[in-house]
Each structure stands twice: as structure tokens, then as C-alpha cells.
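Top to bottom, those sequences are chains A and Z. First residue of the first sequence: 1, per the working numbering; consecutive thereafter. First residue of the second sequence: 1, per the working numbering; consecutive thereafter. The C-beta atom is built at its ideal place from N, Cα and C for all residues, glycine as well. From a predicted model like this one, the values you see are computed outputs, not experimental measurements. A short worksheet on the structure shown next.
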Amino acid sequence: MHLSKLSLTNFRNYQRLEWEPDRGINILFGDNGQGKTNLVEAINFLSTTRSYRTSIEKELINWSASHDDISAARVEGEVVGKKGKLRLELALMGRKSDSGKTSSLVKPEVDALVGVVHKKILLNGVPRRAMDVVGKVNTVLFASHDIDVSSGAPSQRRRYLDVMESQVNVEYLRALAGYNRILVQRNHLLRQIQEGHANSFQLEFWNNELVEKGSYLVEQRMALIGNICALAADIHRQLTSEKENLIVLYLPSLKEVTADMDRVSIKGNFSTRLELLQKREVAAGMSLVGPHRDDLTFLVNGVDIGIYGSRGQQRTVALSLKLAEAGFLRQTVGESPVVLLDDILSELDSKRRHLVIETLRAYGQVVTTTTELESLEAAFVAGAKVFRVHEGTLTPA
Amino acid sequence: MEPDFTPAAEPVARLIGEFNKLPGVGPKTAQRFTYFLLKQPEEEVRALAEALLAIKDSIITCSSCQNLVETDPCPFCSSSERDSSRICVVEEPMDILALERSRGYKGLYHVLHGAISPMDGIGPEELKIKELIQRLQKGEVEEVILATNPNLEGEATAMYLYRLMTPFGVRVTRLARGLPMGGDLEYADEVTLMQALEGRRQFQP
Ligand SMILES: Nc1ncnc2c1ncn2[C@@H]1O[C@H](COP(=O)(O)OP(=O)(O)OP(=O)(O)O)[C@@H](O)[C@H]1O
Ligand SMILES: [Mg+2]
Ligand SMILES: [Zn+2]
């Protein structure tokens with residue numbers, strides 16, 4: 001699929017933008033702070049209905065617009081895929097009093113809600129919930145922070161899995177949202193039990209719910225990792241001229257769970273663990289076991305690359321994982337996702353860059369950013385559409 | 001100067017502040033309400049003020065079903081036409097209105113005034129559960145219908161009540177699954193509610 005039109009209104013530093021990206025490779029170039037990442041963020045926002053840079057959506061609304069009485073940022077995209085054309089529109093409405101300045105007329109709790117904005121989503125002009133539009137536009141985003149995926153926090157690796165699976169499986173997204181809510185409720189209850197304000201038999205309900213949703217997540221993650229492991233291994237061999245063998249390994253928080261287990265056995269295992277851990281969970285006042293504590297590890301020629309790998313090796317693993325993600329989406333959805341690369345190409349050596357470009361060419365639409373056009377191969381630039389980004393405007397170059 | 005920063009006279013600010021406390025009313029709407037009222041004739045404003053006070057003066061809690069009503073016991077609890085062997089347990093008074101609209105139920109009600117939600121600090125103690133148990137202890141009740149909302153918190157509450165009531169030997173039922181999951185009883189349409197009532201089942205933990 002490809003993005004055929006993008007229009008922005010008061011999104012970040014774009015007051016107004018009408019853009020028709022090329023179906024092939026788009027290079028956004030410009031100095032620091034001009035709006036390259038903002039544009040990548042906008043495209044990804046269409047795909048996930050969330051910003052990957054901030055959870056405070058107020059920040060997405062253009063500053064000058066947020067001085068208006070009711071400010072609004074709007075991201076509209078037209079996507080052409082094998083199922084035809086679709087139009088997706090996301091609007092953020094913020095109130096003036098949320099802008100951070102305190103007015104004496106407003107109670108402080110309301111001002112504390114800075115960043116809480118109202119989000120409206122329209123798919124082909126019809127209002128929808130976020131849940132219903134996630135994955136309508138498939139994207140794979142590769143930004144500089146993704147380079148740390150093997151050495152960074154476990155939450156980053158869980159996010160890698162969750163973002164990928166949610167794009168192709170609404171049930172997963174729903175289960176994940178449900179699981180997170182159960183977790184918050186259960187953690188509060190555990191604390192209340194610890195303080196003697198609640199009775200431990202109240203845990204039964206939350207345990208059942210946690211096991212129900214959690215086992216589904218574990219089962220889906222196992223299948224996903226199986227897929228990704230195969231795809232990433234192939235790509236990694238290519239990127240390293242057959243020198244490195246990459247294995248993506250699932251480290252479930254439910255340690256005894258193995259790939260041959262079905263959901264019923266996972267549930268049984270989860271329930272047993274909860275029973276055994278109950279005293280410790282009450283003492284800790286939080287949930288100690290379950291998919292919220294899952295992790296991944298990446299072995300290169302048998303060695304944990306997150307711990308022992310060189311920066312360059314970690315970077316290549318990150319690249320393999322991202323290309324595997326693109327491959328997974330293409331395989332599952334049946335068409336290529338839109339690939340977004342922010343500040344990535346210039347970070348790679350020329351050989352890897354060349355391989356990445358060759359791989360991506362087969363994919364279709366790519367949006368990539370750079371501060372220096374000269375750092376990219378002339379042949380690559382010649383085969384792409386180049387746009388200059390300057391102070392929130394875009395001009396074909 | 002921007003209107004939001006114009007210092008308002010103290011009584012105006014106070015009223016805006018009060019409106020702002022209402023559910024779903026933001027600062028902007030609170031201001032709109034206030035300036036609207038300022039322009040109204042005195043009688044109109046007085047009528048509103050009286051109506052506001054009247055709900056506190058004349059609305060009381062029924063000592064049996066805990067519904068917010070004008071008389072204690074309420075018309076449901078004192079009616080000979082209602083089947084006192086059945087109690088339908090709901091989260092909020094609004095839910096009774098919804099169930100009555102469906103015309104499918106002739107028993108009594110019990111209002112919990114909320115649902116179990118640890119993150120909001122609402123446990124069984126915060127709900128009118130003791131009062132429900134007292135009603136069961138009188139021994140007249142044969143069936144308790146759990147009509148809490150079909151969401152996590154409503155289910156948690158239903159489960160808690162089920163465990164608590166088992167020793168009383170009453171039949172505990174739950175509204176049928178016709179209700180949209182994650183929804184609120186208050187917003188369910190009459191036909192759906194009627195079907196949910198008719199199709200109620202033995203509670204299964
Ligand atoms: N809500 C907003 N309203 C107006 N401008 C904003 C808003 N949010 C961010 N900006 C501006 O956008 C600019 C950053 O844009 P962006 O992150 O896209 O830069 P970039 O072109 O990717 O730069 P770099 O090459 O450094 O990565 C900053 O100058 C910032 O001040
Ligand atoms: Mg940038
Ligand atoms: Zn009553």
C-alpha cells in the first residue's frame with residue numbers, strides 16, 4: 001500500500017501542508033529542526049493513532065494554533081492499497097485552558113490535565129474508535145532510538161512485538177489494552193491487601209482475568225516470534241555476508257512456557273505461578289509475573305548481542321529486526337507497508353546502506369530523512385523523489 | 001486582552017468554579033453557563049436555584065433498596081404489586097430507569113452506588129453491600145439478579161457478590177450476554193435489556 005496524499009493542519013511546525021508523496025522512495029532533506037521528523041511522526045500517527053515521540057498529545061498541536069479558543073491539529077491521509085482507496089482523518093482538539101497557563105477562573109485540577117485533548121477519528125468520513133483504525137495504514141518505523149533495541153530496556157523489545165502484532169491483529173490490541181487495565185486494577189488491589197484494606201479473596205476475579213488475557217498474549221507472541229526469527233535470520237545473513245547467524249529468542253516471564261504449549265497449558269501454568277507467588281506479590285504490592293514482564297534476547301553466533309555486541313553489530317541486528325518487521329507485515333497483510341526511516345541511512349556504512357536500499361526498493365513506498373543529501377549515493381538520490389524541508393514547508397527539489 | 005484572562009468578579013468566578021465540578025463540564029462550558037445565567041431574568045435564575053436545593057431537601061435514600069427517592073420506603077419497596085422474592089442489583093439509580101423502561105421486570109431493586117474498582121479506591125466497603133445482605137437475611141428473597149455493567153469492574157462486583165451470597169441459598173443469576181461488552185446498562189436499549197432479563201442465567205464464576 002502507499003500513501004498518496006497527506007495533509008496537515010497545525011500539526012507540530014506545519015501550519016498547512018498538502019503533500020503527494022511518491023509511490024517509490026521519498027527523501028526528505030533539510031537542516032536540523034526544520035520538520036523532517038515531524039512529518040515522519042504524522043505518517044506514523046495515521047497508522048497507530050498515537051505519537052511515538054510523546055504521550056502528551058497536546059504537544060502535537062501547533063503552538064500558534066493552541067492560542068486560539070479551541071485549537072485543532074489535523075492529519076489526513078489517503079492510502080491506496082489492494083482493497084482500494086481509503087481516507088483517514090485524525091483531529092486533535094485542545095482547549096485553551098489546557099495550554100499550561102493558569103487562569104484564575106479554572107480549578108487547578110483542570111490545568112493539571114495539560115495535554116489531555118479530544119481526539120476525533122474518521123475513516124472515509126465515518127467516525128471510528130482508535131481500535132477500529134489501527135493498522136488500516138501499515139507502517140514500519142525505523143528511528144534512531146530503535147538502534148538500541150537489543151541493549152535498551154525490555155519495554156522497548158515488548159513494544160517492538162506489540163506494535164507489529166497490533167497492526168495485523170485487532171484481537172491482540174484489544175487483549176493488550178484489557179490486560180493493561182486489569183494489571184492496574186490488580187496492582188492497586190495487591191497494595192490494598194498489603195495495607196490490610198482489602199481481602200485476598202478479592203484477587204480471584206482479577207487473577208482469572210489476568211490469566212485469560214495474558215495467556216492469549218503469550219500464545220500470540222510465541223507465534224509472532226517464530227515468524228520474526230526466521231525472517232530476521234535470513235536478512236541478517238545477507239547483511240553480514242553470511243558471517244552472522246541471528247536467533248530471536250523469547251524469554252517469557254512464565255518461564256516454563258515452551259513453544260509447543262497450547263493456550264490451555266499456558267493458562268494452567270500462569271494460574272499455578274500466581275498461586276505460588278501470591279504472598280510475594282502482596283508483599284511487593286504489584287504483579288510479578290505475566291507478559292508485562294516478557295523479554296526478548298538476540299543471539300548472534302550464540303552470543304547475547306545486547307550484552308556483548310559491538311555498537312555496529314547491535315545496529316545491524318536492529319536493522320535486521322526492522323526489515324523482518326516489514327517482511328512480516330507484507331506476508332501477513334498481503335501488501336507492503338509504508339517504510340519510514342528517520343536519520344537511519346546516514347548512520348549506516350555504505351555497504352549496509354546499499355543492502356538496505358536494495359531490500360527496500362522491493363518494498364514500494366519509503367520515506368527517509370537526512371540532513372545531508374551528499375551523504376547518500378548519487379544513484380540512490382537520482383532514483384528517488386527529493387523534498388526539501390524548511391521551517392515547516394515542503395518543496396520538491 | 002484574551003477573555004480567559006480577564007479577571008472575573010468574585011461571584012462569577014465562584015459559579016464558574018461550581019459548574020466546573022460537574023461531570024462532563026469543562027471550564028469553557030462552565031463559563032458559558034455562567035454568562036448565560038447572568039443574562040437571564042431573575043425569576044429564571046431563582047427557579048433554577050430552588051430546583052437545585054429541592055433535590056437535596058426532598059431526595060432521600062430508601063433505607064431498603066438504597067435508591068434515591070422522595071419517600072422511605074420508596075414506591076418500589078412499598079408496592080404490593082412488585083414481587084418481593086426477587087432483587088435486581090444495579091450500580092446506579094439511572095440503571096433502574098433503564099430496566100423499568102424495558103417493562104420486563106416486576107421484582108425489587110438494590111442500588112450499590114458504584115462498582116468495585118481498586119484503582120479508584122472503591123472496594124466492597126464503599127458500596128451498599130451490607131444493606132443488601134441485611135435484606136437477604138430476612139429470608140424472603142429467592143432470586144438475586146446481578147445487573148451490574150458488563151465491563152471489568154461490573155464483572156468484578158458480580159463475582160464478589162456471588163461469593164458472598166452463596167451461603168444464603170438464593171438463586172443468583174446474571175443478565176444474559178446480549179448486552180454489549182464494555183457497555184453501560186444505562187445506555188442499553190429497551191429490547192436488548194428485555195432480552196437480557198429474560199435470558200438471565202445461573203451465575204457462573
Ligand atoms: N507543537 C509545535 N508547534 C510548533 N513547532 C513545533 C511544535 N513541536 C515541535 N515544533 C518544532 O519543530 C521542530 C522540530 O522538528 P523536527 O523534530 O521534525 O526536526 P528535524 O527536521 O527532524 O530536525 P533534526 O534534523 O534535528 O532531526 C523544532 O524546531 C520544534 O521547535
Ligand atoms: Mg529529526
Ligand atoms: Zn426502596
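Contact check for Z:L197 and Z:G104: beta-carbon distance about 4 Å, within the 8 Å limit, so the pair qualifies. By the rule that beta-carbons nearer than 9 Å mark a contact, A:I121 does not touch chain Z. Collapsing the DSSP output to three states places Z:V141 in coil. Listed along chain Z are E155, A156, M159 and Y160, each with a C-beta nearer than 8 Å to that of A:F205.
Judged by pairs of C-beta atoms under 8 Å, the stretch 277-297 of chain A does not touch the stretch 331-351 of chain A, as fewer than three such pairs exist. In the three-state scheme derived from DSSP, where H, G and I count as helix and E and B as strand, Z:R171 is classed as strand.
When only Cα atoms are considered, Z:G199 and A:E57 end up about 44 Å apart. Between ligand 3 and Z:S64, a heavy atom-to-CB distance of less than 8 Å is present.
Residues of chain Z with a Cβ closer than 9 Å to the Cβ of A:Q192 are, in chain order, P118, G121 and G123. The Cβ atoms of A:F201 and Z:R163 lie closer than 9 Å to each other. Residue contact with chain Z for A:E209: present (Cβ-Cβ distance below 9 Å to some residue of chain Z). Inter-residue distance for A:R263 and A:L88 is about 36 Å (C-alpha atoms, whole angstroms).
Closest option to A:I43, judged by alpha-carbon separation, among A:S346, A:I357, A:S144 and A:D342: A:D342. Here A:T359 carries a helix assignment [DSSP, helix/strand/coil]. Shortest gap from the CB of Z:K21 to any heavy atom of ligand 2: 8 Å or more.
A Cβ-Cβ distance of about 40 Å is found for the pair Z:V45 and Z:V89, leaving them out of contact under the 8 Å criterion. In chain order, G178, R181, I182, Q185 and E209 make up the part of chain A whose C-beta sits under 8 Å from the C-beta of Z:L152. Not a single CB atom of chain Z sits nearer than 9 Å to the CB of A:L92. In this structure A:V356 is in contact with A:L319, their Cβ atoms being roughly 7 Å apart against a cut-off of 8 Å. Non-local C-beta neighbours of Z:F19 in its own chain, meaning closer than 6 Å and more than five positions away in sequence, comprise V25, A30 and F33, ordered along the chain.
Within its own chain, the residues whose Cβ lies closer than 6 Å to the Cβ of A:I344, once the five positions on either side in sequence are excluded, are F142, listed in chain order. In this structure A:H118 is not in contact with A:G364, their Cβ atoms being roughly 34 Å apart against a cut-off of 8 Å. Using beta-carbon distances, A:F270 does not count as an interface residue toward chain Z, since no partner is under 9 Å. Not flagged as an interface residue toward chain A: Z:R174, since no C-beta distance is shorter than 9 Å.
In this structure, A:R315 keeps its C-beta atom at 9 Å or more from the C-beta atom of A:E358.
Taking A:V282 as the centre and dropping the five residues before and after it, the same chain places the C-beta of L190, I193, Q194 and S200 closer than 8 Å to its C-beta, in chain order.
Along the length of the stretch 345-390 of chain A, whole alpha helix (DSSP H) runs at least 4 residues long occupy 350-361 and 378-382, reported in chain order. Distances taken from the Cβ of A:D342 to the heavy atoms of ligand 2 include one shorter than 8 Å.
Taking a beta-carbon distance threshold of 9 Å, Z:R32 does not count as an interface residue toward chain A. At a cut-off of 9 Å between beta-carbon atoms, Z:R135 makes no contact with chain A. For the pair of segments examined, the stretch 104-119 of chain Z was found to touch the stretch 67-76 of chain Z: the number of CB pairs separated by less than 8 Å reaches three. Apart from sequence neighbours up to five positions away, the residues of its chain that approach A:L239 with a beta-carbon distance below 7 Å are T316, L319, S320, R352 and L355, ordered along the chain. Contact of A:A198 with chain Z by beta-carbon distance below 8 Å involves P118 and G123. For A:S7, the uninterrupted beta strand (DSSP E) segment begins and ends at H2 to F11.
Ranked by Cα distance from A:G196, the options A:G285, A:A73 and A:D162 are led by A:G285. Scanning Z:E100, Z:P167 and Z:T166 for the CA closest to the CA of Z:L193 turns up Z:E100.
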